[in-house]
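See structure below.
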Amino acid sequence: MKKRIAKQPTATERLVRPLVRALHPYTPGEQPKVPGLVKLNTNENPYPPAPAVLKAIKAAVDQRLRLYPDPTAAPLRERLARLHRCQPENIIVGNGSDELLALATRAFVEPAESSRLTAQGMSLSTVQYFDPSYSLYPVLAAIHGARHNAVPLHGDFELPLLSWLRRGVQWDLRAALSYLTTPNAPGGRGYPTADLDALADLHKGVLILDEAYADFAGENALHLALKHPHVIVSRTFSKAYSLCFQRVGYFVGPVELIDTLHRIRDSYNVNGLGQVAAEATLDHLDYYRANFKKIVAAREQTAEALARFGFEVFPSQTNFLLVRPPRLSAEAWMEKLRERKVLVRWLPAPAVRAYLRITIGTPEQMEKLLAAVKAVVAEGET
Ligand SMILES: *Cc1c(COP(=O)(O)O)cnc(C)c1O
């Protein structure tokens, strides 16, 4: 075995905490500015916000930009509380749900070096999630100096059986914080609420159900956040509500946990135009629900078409498909589609490097994708 020689930090590097020096940042999908590119790589919604939402944002761009926004996004939280039949105290809004996921590590997890492994029956420094799932979770754990426990999903991205999870062999039911992406990303599969409810019963620590894609699914688990004292549901206006640019996400959960997060967030963590946009969005849910239907229909059609081209397509309850392409490697497929101005996501992580993740766009965009796929297939046959 070759011994790795630790590189001496430079004088400037020495100014930075060793933990931070060693961090690998989260890699977001590309945002290339190529004209005519069909962009299917970051699960953005292909449809614009409702016209009235754009109007509300524009109308808010006036002298009030010099003022601080509502510090707790109170009007938005009241609207969300009505929507979800809970109290505003059950809700915290963040600068995207990513901010809230990060706050959760700070609020619920002890950095590993400063704590004993377990106390009061809890693994106080453990952040846990299934693999593959949202690749931000391990980054958040690393930033916080927490342990992370990545437990492989079974077979085709299915949740391990409850009877296996209950044994607590790999999945630690005492982990301080567990993230569960449902429907899963990048797998696409939805998990039955009844299973999540039963899993929640077994957990001692905080369980965050990350429902970034719930609007494209047949069911959701929101009520579990109002039933269990340790369950939080994460939602976002980014994907389903066409507001990635504005950065607005929220948690629904028990008052005590939500209150803890309020204590550690920045005073004005949600920008004013984002609050305006999200409130206006809630006035036009019918517009968005019609878009969900279009996206789900395009998803099912695209899945069938790709299967006919020899792709293995996993069932999806989201606005994307995870597929295993035929013949060439997934990375080669990504390059070949890119040459044809269709950008899809290839993730190099071991659990998913054999697959492509394809965001569902408009029917026109899906036609362009399928035309590019057809061309690549034909190229392979000559
Ligand atoms: C996109 C995404 C998020 C982050 O959403 P923002 O609200 O834009 O920060 C969180 N979780 C999952 C699984 C996602 O795919």
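Counting from 1 along the sequence shown, just add 11 to a position and that's the residue number in our numbering.
Cβ atoms here follow ideal geometry from the backbone N, Cα and C, with glycine treated the same way.
All figures in this text were calculated on a predicted structure; none of them were measured in a lab.
Query raised in the report: Quick one: is the Cβ of Y145 within less than 6 Å of any heavy atom of ligand 1?
Result: True, at least one ligand heavy atom lies under 6 Å from that Cβ.
Query raised in the report: Under a Cβ-count criterion, where at least 16 other Cβ atoms within 10 Å of its own Cβ denotes burial, should L76 be classed as buried or exposed?
Result: It counts as exposed.
Report task. Could you tell me whether the Cβ atoms of R117 and T137 are closer together than 7 Å? Result -> Going by C-beta atoms, R117 is not nearer than 7 Å to T137.
Query - Alpha-carbon spacing of A289 relative to Q98, whole angstroms - result: Roughly 18 Å separates the two Cα atoms.
Requested in this report: Could you tell me the boundaries of the beta strand (DSSP E) in which Y140 lies?
Outcome: First-last of the beta strand (DSSP E) with Y140: 133-142.
Query raised in the report: Should P107 be listed as close to ligand 1, given that the test is whether its C-beta is under 6 Å from any heavy atom?
Result: The sequence shown places Gly at residue 107, rather than the Pro named in the question. Flag set: Cβ of G107 near ligand 1.
Requested in this report: Counting only the same chain and skipping the five closest in sequence on each side, list residues whose C-beta sits under 6 Å from that of Q257.
Outcome: Closer than 6 Å at the Cβ level, and outside the excluded window around Q257, lie G285, A288.
Query - Every unbroken alpha helix (DSSP H) inside the stretch 56-93 [4 residues or more] - result: Taking only runs of at least 4 residues, the alpha helix (DSSP H) segments lying wholly in the stretch 56-93 are 62-71.
Report task. Could you tell me whether any non-hydrogen atom of ligand 1 is closer than 6 Å to the CB of A196? Result -> A196: yes, Cβ under 6 Å from ligand 1.
Query raised in the report: Can D221 be considered in contact with ligand 1, in the sense that its beta carbon sits closer than 6 Å to one or more heavy atoms?
Result: Yes.
Query raised in the report: Pairing CB atoms from the stretch 216-235 with CB atoms from the stretch 317-331, are three or more of them under 8 Å?
Result: Yes: the two stretches touch, three or more of their Cβ pairs being nearer than 8 Å.
Requested in this report: Determine, using beta carbons only, whether P149 and A362 come nearer to each other than 7 Å.
Outcome: Their beta carbons are not under 7 Å apart, which means P149 does not touch A362 by this criterion.
Requested in this report: Evaluate the contact criterion for the stretch 77-86 versus the stretch 296-305: three or more CB pairs, one atom per stretch, below 8 Å.
Outcome: Taking a contact to require three or more Cβ pairs closer than 8 Å, the stretch 77-86 and the stretch 296-305 do not qualify as touching.
Requested in this report: Kindly indicate which three-state DSSP category T247 falls into: helix, strand or coil?
Outcome: In the three-state reduction of the DSSP assignment, T247 falls in the strand class.
Query - Euclidean distance between Cα positions of V281 and L112 - result: Near 15 Å, if we compare the C-alpha coordinates of L112 and V281.
Requested in this report: If I'm right that Y202 touches L170 with Cβ under 8 Å, what's the distance once you round it to whole angstroms?
Outcome: That belief holds up - the Cβ atoms of Y202 and L170 are roughly 5 Å apart, short of 8 Å.
Query raised in the report: Expressed to the nearest angstrom, what Euclidean distance is found between the alpha-carbon atoms of L293 and K347?
Result: Near 40 Å, if we compare the C-alpha coordinates of K347 and L293.
Requested in this report: Give the secondary structure of P171 by DSSP, where H, G and I count as helix, E and B as strand, and everything else as coil.
Outcome: Coil, per DSSP.
Query - Run of the beta strand (DSSP E) containing R158, from where it starts to where it stops - result: Counted as a single uninterrupted DSSP element, the beta strand (DSSP E) harbouring R158 occupies residues 158-163.
**Report entry** Strand pairing of D221, partner residues [DSSP]
**Finding:** Per the DSSP secondary-structure output, D221 pairs in a beta bridge with T192, S245.
Query raised in the report: With distances taken between CB atoms, is the gap from Y261 to V27 smaller than 7 Å?
Result: Result no, Cβ atoms of Y261 and V27 do not sit closer than 7 Å.
Query raised in the report: Looking at C-alpha atoms only, which residue of V31, A84, H95 is the closest neighbour of A232?
Result: When each option's Cα is compared against that of A232, the closest is H95.
Query raised in the report: Which whole-angstrom value is the C-beta distance of S189 and Q139, which I expect to be below 8 Å?
Result: Confirmed, Cβ separation roughly 4 Å.
Report task. Quick one: give me the first and last residue of the beta strand (DSSP E) that T370 is part of. Result -> 367-370 is the span of the beta strand (DSSP E), which, as asked, contains T370.
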